[in-house]
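For the sequence shown, counting from 1, position 193 maps to 193 in full-length UniProt numbering; every step adds exactly one. The beta carbon of each residue, even a glycine, is placed where N, CA and C say it ideally should be. Predicted model only: the values in this text are computed from it and were never measured. Have a look at the structure below, then the notes.
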Amino acid sequence: MGVAYSVGEVDHLYTFFVQWSPETIYSKHSSKPDFLRVHPEALDVIDSLLSSSASETWEIVTVKQQNKRRPSVCSSADSEADEPLPVLIDQSQILNERHLEHLTNHIPARTQGSSWKLVYSTVEHGTSLTTLYRQMRELDRPVLMVIRDTDDQVFGAFSSDPFRVSSYCYGTGETFLYSFSPEFQIFRWSGENSYFVRGFLDSLQMGGGGGPFGLWLDSDLYRGSSYSCNTFCNRPLSLHHDFTVRDLEVWSFV
Numbered sequence: 001m002g003v004a005y006s007v008g009e010v011d012h013l014y015t016f017f018v019q020w021s022p023e024t025i026y027s028k029h030s031s032k033p034d035f036l037r038v039h040p041e042a043l044d045v046i047d048s049l050l051s052s053s054a055s056e057t058w059e060i061v062t063v064k065q066q067n068k069r070r071p072s073v074c075s076s077a078d079s080e081a082d083e084p085l086p087v088l089i090d091q092s093q094i095l096n097e098r099h100l101e102h103l104t105n106h107i108p109a110r111t112q113g114s115s116w117k118l119v120y121s122t123v124e125h126g127t128s129l130t131t132l133y134r135q136m137r138e139l140d141r142p143v144l145m146v147i148r149d150t151d152d153q154v155f156g157a158f159s160s161d162p163f164r165v166s167s168y169c170y171g172t173g174e175t176f177l178y179s180f181s182p183e184f185q186i187f188r189w190s191g192e193n194s195y196f197v198r199g200f201l202d203s204l205q206m207g208g209g210g211g212p213f214g215l216w217l218d219s220d221l222y223r224g225s226s227y228s229c230n231t232f233c234n235r236p237l238s239l240h241h242d243f244t245v246r247d248l249e250v251w252s253f254v
């Protein structure tokens, strides 16, 4: 018993098997497509799929294509789970309840529910990038950087890895930039490149790709800048591209 499909339906069906079950089309010894044997019991399922109204809307995309299509910006208007506020083991000079509510709902699941411990603070440890690196020397978990500039704007970054000096970029797609200037926005990995974090003795860089950095800080943690970058497809985090740091804190999750 045979089943007749239109040319368009055959194209959809062939694309589906090439993407998700190539072994049914390509043999071990040939890279050319052969005839496809479909079990009779599967014909009804396939026919139902191709004849449904939803068949005109589904599409096969790669992970990279999906990453590019996914919005890189999430505003405070997005639906958020009501995660309980974290316990701050140490006092913050920057974070208030509003900041904690937003950040808690956007950090990776593996850090939610953890207490927050202050690893570095310009108030407590002074303004030195070298000291910041030293404070994280024994860390092996993600960190959250919080910056308040002289315009009283709050912004920063979540890094999947503690900040350190490195000759190469490090981090994972969990890394993101965020800003509360003026409303909360989060800028996740766009999938364009993997320039997440790179630490030098004289600067700390986050994001990039043939142009300025998403977030850049000098060796004194006093001057900084923020531009749109390919890694996060972000807007500038502060009111101005160049900013002056008033307070800076880095928190770990314990």
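Between residue i and residue j, what straight-line distance do the alpha-carbon atoms span, to the nearest angstrom?
i	j	result
HIS240	PHE196	22 Å
THR122	GLU174	25 Å
GLU97	GLY126	25 Å
LEU118	GLN135	10 Å
PRO84	ARG110	14 Å
VAL165	GLU101	31 Å
TYR222	ASP247	9 Å
SER238	LEU215	10 Å
ARG198	GLU124	24 Å
ASN105	VAL146	16 Å
THR172	PHE200	19 Å
Closest to residue i by CA distance: which of the options is it?
i	options	result
PHE184	VAL250, CYS169, ALA157, CYS229	ALA157
SER190	GLN91, ALA109, SER228	SER228
residue 256	ILE94, PRO162, ASP149	Given that the chain is displayed from residue 1 to residue 254, the structure contains no residue 256 and the question cannot be resolved.
SER225	THR172, GLN91, SER203, ILE107	SER203
PHE180	GLU83, ILE94, ILE89	ILE94
GLN112	TYR120, ARG137, PRO86	PRO86
THR231	LEU221, GLY209, CYS169, SER128	GLY209
CYS169	ILE186, VAL146, ASN193, PHE155	ASN193
ARG235	GLY207, THR130, LEU201	GLY207
ILE186	ILE147, PHE155, GLN205	PHE155
ARG137	GLN153, ILE147, TYR120, TYR178	TYR120
GLY211	ASP218, CYS233, ASP220	CYS233
Could you tell me which residues DSSP puts in a beta bridge with residue i?
i	result
THR244	ARG223
MET145	ALA157, VAL250
ARG198	GLN205
TYR170	VAL197
Can residue i and residue j be called in contact, C-beta distance under 8 Å?
i	j	result
LEU144	LEU103	yes
ASP151	PHE243	yes
ASP149	VAL245	yes
LEU88	TRP116	yes
VAL254	SER114	yes
SER160	PRO142	yes
Within the 8 Å Cβ cut-off, does residue i reach chain C?
i	result
ASN96	Among the protein chains of the structure shown there is no chain C, as only one such chain exists.
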